[in-house]
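Numbering (the numbering used here), first residue to last: 28 to 169. For each residue, glycine too, the CB sits at the ideal point set by N, CA and C.
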Ligand SMILES: [Zn+2]
């Protein structure tokens, strides 16, 4: 089944791209359609999988990060996704020992979940401790 998007749908998408936190009422005022219409269209686009999720737009300068687009990260569906470089200068704590991570963290990637560790051995210890849960996450993403 194919379903063409009309001007209203596209206007909603464009509005959400600018700021994903907008309320339906804000969007409705902006694009001059009723709030229920915005809601119905929004829900439909969510259900159709056009809107996959609303992501926060981060102020990279405040976080002291550089935004790096990982162009090599292309999903199997053929859609390129923007990914933040994982080497960020944000104060994060080790997910295993809870110490502050001073330098480059060791990262464990499980599907779309990431865990950060202060050192490779914490990563290994975490993997041992949560082996079953990690496997369950991996399997659920297949
Ligand atoms: Zn640690």
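Starting from the Cα of residue i, find the closest Cα among the options and give me that residue.
i           : options          : result
residue 67  : 47, 44 and 35    : 35
residue 156 : 133, 122 and 131 : 122
Rounded to whole angstroms, what is the Cα-Cα separation between residue i and residue j?
i           : j           : result
residue 69  : residue 154 : 39 Å
residue 140 : residue 61  : 37 Å
residue 102 : residue 76  : Because the pLDDT of residue 102 is 40, which lies under 50, any placement of that residue in the model is unreliable, and the number read from its coordinates should be weighed accordingly. Cα to Cα, the separation comes out at about 15 Å.
residue 152 : residue 124 : 10 Å
residue 161 : residue 143 : 14 Å
residue 38  : residue 51  : 12 Å
residue 115 : residue 147 : Note that residue 115 scores 40 on pLDDT, short of 50, meaning its location in the model is unreliable; the coordinates nonetheless yield the value given after this. Roughly 17 Å separates the two Cα atoms.
residue 57  : residue 46  : 12 Å
residue 33  : residue 80  : 20 Å
residue 44  : residue 119 : 28 Å
residue 48  : residue 40  : 12 Å
residue 31  : residue 53  : 24 Å
residue 65  : residue 165 : 36 Å
Where does residue i fall in DSSP's three states?
i           : result
residue 93  : Because the pLDDT at residue 93 is just 49, under 50, the model does not fix this residue reliably, and the value given afterwards should be weighed accordingly. DSSP places residue 93 in coil when its eight states are reduced to three.
residue 159 : helix
residue 131 : coil
residue 110 : Any reading at residue 110 must be qualified, since the residue scores a pLDDT of 45, below 50, and its modelled position is unreliable; the value itself is stated next. Residue 110: coil per DSSP, three-state reduction.
residue 126 : coil
residue 72  : helix
In terms of residues, what are the limits of the alpha helix (DSSP H) holding residue i?
i          : result
residue 54 : 51-58
residue 46 : Segment: none, residue 46 is in no alpha helix (DSSP H) and carries neither H nor E.
In the DSSP assignment, what residue or residues form a beta bridge with residue i?
i           : result
residue 136 : 141
residue 120 : 127
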